[in-house]
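The structure appears right after this line, and notes come after that.
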Amino acid sequence: MPNFLNKIKNTKKNQTGSMLVVMIVATGIFFMITSAAISLALLQQKLNIRKVAYAQTLHIAEAGVNYYRWVLYHDHEEYCNKETCLTGPDYGPYGPYAYTDSAGKNISGYYELYITPPPQNGSTLVKVKSVGWVANYPQIKRYIEVQVGIPSWSSYSTLANADIRFGAGTEVWGPLHSNGGIRFDGLSHNLITSSLLDYNDPDHSGGNEFGVHTHISPADPLPDGNNPPLNVPIRTDVFMAGREFPVPIISFDLLDGYINNVYDKAAASGIVIDPAAGAWGNCVASTCDEGFHITLRTDNKIDVRGVSSVYASCSGNPSNSINTETPIISTLSIPANGLIFIKHKIWVDGQIDNSRVTILSFQEPFTGGSADIIINNDLMYTNGNGADAIGLIAQRDISIGQYSEDDLRVDAALIAKDGRVGRNYYGGGCASYIRNTITVNGSLATRNRYGFAYTDGTGYQIRNLIYDNNLTFMPPPHFPTTGEYTFISWKEK
Numbered sequence: 301m302p303n304f305l306n307k308i309k310n311t312k313k314n315q316t317g318s319m320l321v322v323m324i325v326a327t328g329i330f331f332m333i334t335s336a337a338i339s340l341a342l343l344q345q346k347l348n349i350r351k352v353a354y355a356q357t358l359h360i361a362e363a364g365v366n367y368y369r370w371v372l373y374h375d376h377e378e379y380c381n382k383e384t385c386l387t388g389p390d391y392g393p394y395g396p397y398a399y400t401d402s403a404g405k406n407i408s409g410y411y412e413l414y415i416t417p418p419p420q421n422g423s424t425l426v427k428v429k430s431v432g433w434v435a436n437y438p439q440i441k442r443y444i445e446v447q448v449g450i451p452s453w454s455s456y457s458t459l460a461n462a463d464i465r466f467g468a469g470t471e472v473w474g475p476l477h478s479n480g481g482i483r484f485d486g487l488s489h490n491l492i493t494s495s496l497l498d499y500n501d502p503d504h505s506g507g508n509e510f511g512v513h514t515h516i517s518p519a520d521p522l523p524d525g526n527n528p529p530l531n532v533p534i535r536t537d538v539f540m541a542g543r544e545f546p547v548p549i550i551s552f553d554l555l556d557g558y559i560n561n562v563y564d565k566a567a568a569s570g571i572v573i574d575p576a577a578g579a580w581g582n583c584v585a586s587t588c589d590e591g592f593h594i595t596l597r598t599d600n601k602i603d604v605r606g607v608s609s610v611y612a613s614c615s616g617n618p619s620n621s622i623n624t625e626t627p628i629i630s631t632l633s634i635p636a637n638g639l640i641f642i643k644h645k646i647w648v649d650g651q652i653d654n655s656r657v658t659i660l661s662f663q664e665p666f667t668g669g670s671a672d673i674i675i676n677n678d679l680m681y682t683n684g685n686g687a688d689a690i691g692l693i694a695q696r697d698i699s700i701g702q703y704s705e706d707d708l709r710v711d712a713a714l715i716a717k718d719g720r721v722g723r724n725y726y727g728g729g730c731a732s733y734i735r736n737t738i739t740v741n742g743s744l745a746t747r748n749r750y751g752f753a754y755t756d757g758t759g760y761q762i763r764n765l766i767y768d769n770n771l772t773f774m775p776p777p778h779f780p781t782t783g784e785y786t787f788i789s790w791k792e793k
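Going by the numbering used here, the sequence shown runs without a break in its numbering and finishes at 793.
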């Protein structure tokens, strides 16, 4: 009996010990699981915080590029954020700059900026790289790189300040705008805009018509009186990218201030040819009284000749064609800033190769003078990828002369500030009154109604207007711009 009782006691002790071991093991497992769960939760929390921080760094970096677009909006030529300018190849960093919360009180992160200015040749393209990070995780950084630029006057296939008409058979590839009305009877692959709600089409009788309208069958109805009209047909057979009117005007008067500014730049580091000063002092009175003949060369130079006489007028219009001229007076290198300012009438022709140049023809006073640019022979690029660019800006007209080439090519962005781009009327009794083909590869801006042909069949029989897309943000040097800096590209690096 005592042995039995002892066995029972020992069994109870063993069971108690076993339960204690089980409880200890279970407690240990519980604490291990709990600890692991807590560690996992803490790790997940850290990961979530890092994910949030990673996302926030992108917002901070993006804030940096938006901030600098704002800077450029207020100062188009501020490329150092009011600090000492840093040179390439990095052009930075500038900063770091604090990024605060919406209340502007607590700093949540920082960003640095790298600002690559545009080339000296007058391009508006600026590259901005922003590096952002949050204050608590400076090792987590994200990079945004953007290109911004200001659209130039050469971003339009045609820009006009008057009522214009494009006849049947015309095909236009670039955007087209007029401050006046537009009658368009061809095919447009891009948007056509007018600053007028409606207008009296000078080529058609009857009531006012849409600011942009067509007479291709079925002709547009007359406006319904609403602003904007509610009865504008969708004519993808004519306006493939649509039409829009009214839109804000693009004022040609803005060119007054531009001319003064670009003249200062030409005088400072470009070329100014003044027939009444310096080496050109005797030109007006003798061999250069009609103007200058400028020939562009593929070695980044220009040849300058004096024009002493022109052919007689015909049909009451000047021939705009050289009769006699001097040998080469001077050979000049195209300056680094690409600006050539000539205070006289000029004839321009030739070919460039990896050159970018803007040639202006303005007599004093710059507002109200009457200098013209004449193109009678081919003016061409060697490269069609944007490496070459020619800008021609005339005080009055850009004209094609009576004795122009039968097949004429003009690779250039053209602006006739106070006149028009076109060819004078030469009737059937005039020599060369009919020409074959003119091709303008680039853009044209004209204050008055343009044209290279007339309804009686005179002028150029085939007229090709080809838009050069490279000109939108890579215009000729120091070409006038419209609007403000816009984003061209955005990428995270």
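Positions of the beta carbon are idealized from the N, C-alpha and C atoms, including for glycine.
- For the 7 Å CB-CB criterion, I738 and F752 form a contact.
- Its chain contains no residue whose beta carbon lies nearer than 6 Å to that of D589 once the 5 sequence neighbours on both sides are disregarded.
- Residue state for Y397 is assigned as strand, using DSSP reduced to three classes.
- By alpha-carbon distance to A398, the top candidate from S408, G727 and G392 is S408.
- Look at T737 here: in three-state DSSP terms it is strand.
- By the C-beta density criterion, F330 is exposed, having fewer than 16 other C-beta atoms within 10 angstroms.
- Under the DSSP assignment, L555 falls in the alpha helix (DSSP H) whose first and last residues are L555 to S569.
- Setting aside the 5 residues that flank it on each side, Y373 is surrounded in the same chain by E784 and Y785, each with a C-beta closer than 8 Å to its C-beta; the list follows chain order.
- In the structure shown, N623 falls within a strand segment according to DSSP collapsed to helix, strand and coil.
- When secondary structure is reduced to three states using DSSP, A713 falls in the strand class.
- Between the alpha carbons of R709 and S655 lies a distance of about 18 Å.
- When C-alpha distances from N527 are compared across I659, E625, H504 and V547, the shortest belongs to V547.
- Annotation for G449: T424, L425, F773 and I788 place their beta carbon closer than 6 Å to its own, counting only its chain and skipping 5 residues before and after.
- By alpha-carbon distance to S608, the top candidate from E625, Y367, N620 and S630 is E625.
- When the beta-carbon positions are compared, I675 and I642 stay at least 7 Å from each other.
- Excluding five sequence positions before and after D718, the CB atoms of its chain that fall closer than 7 Å to its own CB belong to Q695, R696 and R747, given in chain order.
- By the Cβ neighbour-count rule, G757 is exposed, with fewer than 16 other Cβ atoms within 10 Å of its own.
- The stretch 450 to 465 and the stretch 760 to 780 touch, with no fewer than 3 CB-CB distances between them shorter than 8 Å.
- A direct Cα-Cα distance of roughly 23 Å separates N769 from D707.
- In the structure shown, the three-state DSSP call for N617 is strand.
- For W473, DSSP records no beta bridge to any residue.
- Per the DSSP secondary-structure output, A745 pairs in a beta bridge with L459 and I715.
- Under the DSSP assignment, K382 falls outside any beta strand (DSSP E); it carries neither an H nor an E label.
- The straight-line gap separating the alpha-carbon atoms of R543 and I550 is approximately 17 Å.
- For M680, the uninterrupted beta strand (DSSP E) run begins and ends at L679 to Y681, by DSSP.
- For K429, the enclosing beta strand (DSSP E) has its first and last residue at V426 to V434.
- Counting other Cβ atoms within 10 Å of its Cβ, I629 reaches 16 or more and is therefore classed as buried.
- Proximity of the stretch 499 to 508 to the stretch 550 to 564 falls short of the contact definition, fewer than three beta-carbon pairs being nearer than 8 Å.
- Taking the CA atoms as reference points, A745 sits about 12 Å from P475.
- Under DSSP, R656 forms a beta bridge with A689.
- Counting other Cβ atoms within 10 Å of its Cβ, C614 reaches 16 or more and is therefore classed as buried.
- Comparing alpha-carbon positions, the option among G395, P438, T658 and A462 lying closest to S430 turns out to be G395.
- Linking A712 to A568 through their CA atoms gives a straight-line distance of about 25 Å.
- In the DSSP assignment, F666 falls outside any beta strand (DSSP E), carrying neither H nor E.
- Between the C-alpha atoms of T682 and I516 there is a straight-line separation of about 38 Å.
- One Cα belongs to G728, the other to A612, and the distance between them is close to 16 Å.
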